[in-house]
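Residue 922, in the working numbering, is where the sequence shown stops; the numbers in between run on with no holes.
Backbone N, C-alpha and C fix where the C-beta goes; we use that ideal spot for every residue, glycine too.
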Amino acid sequence: MARRKRTPEENARREKIRELLQLANIGSMDDIQRLFKETIAEFMENGLDAELDDELGYSRYDYKNKNTDNSLNGHSSKTLRTSFGDVEGSVPRDRQGEFEPQLLKKNQTSISQDIEEKILSMYAKGMTTGDIEAHIQDIYGVDVSDTTVSRITDKILPVAKEWQQRPLESIYAVVFLDAIHYHVRSEGQIVKKAVYIAIGIDLDGHKDVLGMWVGENESAKFWATVLNSLKNRGVEDIFIACTDNLTGFSAAIEAVYPKTEIQNCIIHQLRNSSKYVSYKDLKALMADLKAVYAAVDEPAALDALDTFAEHWDKKYPKISQSWRDNWANLSTYFKFPQALRRLIYTTNTIEGFNRQLRKVTKSKSVFPTDDSLFKMLYLAMMDITKKWTGRRQDWSGIHAQLSIYFAERMPDFSPSAASYSNCSCFIAVWTLHKIWERPIFV
């Protein structure tokens, strides 16, 4: 394969590089690394000197034109951590201590933000601190201790807590509510804690994680706290809430959002129904139950439930009774057309998200604190939701149906500023901005 033809500018640069390598007596990769470190130091020092001269309005050789009470005040030494090793340099000072350099921040001791980004990315994918330490050493040749990894990832916490308190849309078409459980060390004991998760679909069809709350084991009382948190952050109305069959859940929703339609997850109900069924009966029993939940309308579903009870009540009397006891919230989806039914009859939207969280956190059997759990889940959430950039393909039809069924509560729709602030791509950029404005090495 022929070598690519270089431009005249590239040839001129190559000639200067050859002259530089010859003058610097470069004979190995170690020599190149040393030269690169010296180049960084020279670039840093020249840039910082120019910044201070510009701020003061005069240079050290032009003091006659000085027009400020402030003045140069020598230099202080600074060590920078880079991918090529530590670099020693000098930072100029002003007498009044007002100089705020932009090229290299006062408290910045690393220009290896690429390493920090890689650490956050690896942590978000579930790698342990030990694995991250070894990986960074292999790729960059930089020693990163467990403590450093923790300090880098701890930088996420204030950002994550800001995210948890951000304003939300005033109306959500559908909100999925579910919990996922983890073991956390608390006061010398290992306790099981629930992470309460809410995922909303706004009126423009965009999916968004509204929040994740670490609390005691799952209860309707804590769910009421979660719902009140959503209300305090600006959520005035939810058209449909999709939940599991937790006792007291419906009452908690009705207390905060009395107009909300509640749909219990059909898949959860099926799991509960088949829990104690003999394997030889399972296939036939589930086929009869499918006639209930796949019926064309509610009357047909009730007829199918009666037929199911006649066939199976003698052997499994609690199954049909459970469906009847929960029918008010199991049958909500029969009110709506097929496209909307498919969206709300299960909590698969949030369960799929939870499966991805479990995949990331499987290497952690016990979390040392609530904050460490929340930190990892937030980073994992950021990684998972990067692809949540568009709305549902069938949303136009669903939105038209919502406009009919919730006509008195449906606003004249136009995407608000909050729509953009809640979309995943915006949150990703906002998070990185928040991360890098907080120093790590101080």
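- Taken through DSSP and simplified to helix, strand or coil, glutamine 669 comes out as strand.
- Sixteen is the threshold: when 16 or more other Cβ atoms of the shown chains lie within 10 Å of the Cβ of tyrosine 662, as they do, the residue is buried.
- Excluding residues up to 5 positions away in sequence, Tyr676 and Trp693 lie with their Cβ nearer than 6 angstroms to the Cβ of valine 706 in the same chain.
- Annotation: glycine 606 is outside any alpha helix (DSSP H) and is labelled neither H nor E by DSSP.
- The secondary-structure analysis by DSSP pairs glutamine 743 across a beta bridge with Cys722.
- For tryptophan 792, the closest of Ala774, Ala767 and Trp807 by C-alpha to C-alpha distance is Ala767.
- Under DSSP, valine 571 shares a beta bridge with Ser556.
- With a cutoff of 7 angstroms on beta-carbon distance, serine 551 and valine 571 are scored as not near each other.
- Straight through space, the alpha carbons of isoleucine 512 and lysine 855 are spaced by roughly 39 angstroms.
- Taking the CA atoms as reference points, isoleucine 616 sits about 38 angstroms from leucine 648.
- Contact annotation: the stretch 740 to 749 touches the stretch 807 to 821, with at least three C-beta pairs closer than 8 angstroms.
- For histidine 663, the beta-bridge partners assigned by DSSP are Lys672.
- If you look at methionine 692, you'll find it in the beta strand (DSSP E) that goes 687 to 695.
- Between aspartate 851 and alanine 604, the beta carbon gap of about 16 angstroms keeps them out of contact (Cβ cut-off 8 angstroms).
- Between the beta-carbon of isoleucine 681 and that of lysine 687 there is about 5 angstroms, and that keeps the pair under the 8 angstroms contact cut.
- Per the coordinates, the alpha-carbon of tryptophan 703 lies some 16 angstroms from the alpha-carbon of valine 654.
- Taking a cut-off of 8 angstroms on C-beta distances, the stretch 776 to 796 touches the stretch 749 to 766, as three or more cross pairs fall below it.
- Spatial neighbours of cysteine 722 in its own chain (CB-CB distance under 6 angstroms, excluding positions within 5 residues in sequence) are listed in chain order as Phe656, Gln743, Ile824 and Thr827.
- Taking C-beta atoms under 8 angstroms as the contact rule, leucine 820 and isoleucine 884 fail to qualify, at a distance of about 10 angstroms.
- Alanine 614 is classed as exposed because its beta carbon has fewer than 16 other beta carbons within 10 Å across all chains shown.
- Scanning its chain for C-beta atoms nearer than 6 angstroms, with the 5 sequence neighbours on each side dropped, one finds around alanine 781 the residues Val772 and Ala775, in chain order.
- Asp549 is the residue among Phe516, Asp549, Asp611 and Arg646 whose C-alpha sits nearest the C-alpha of arginine 575.
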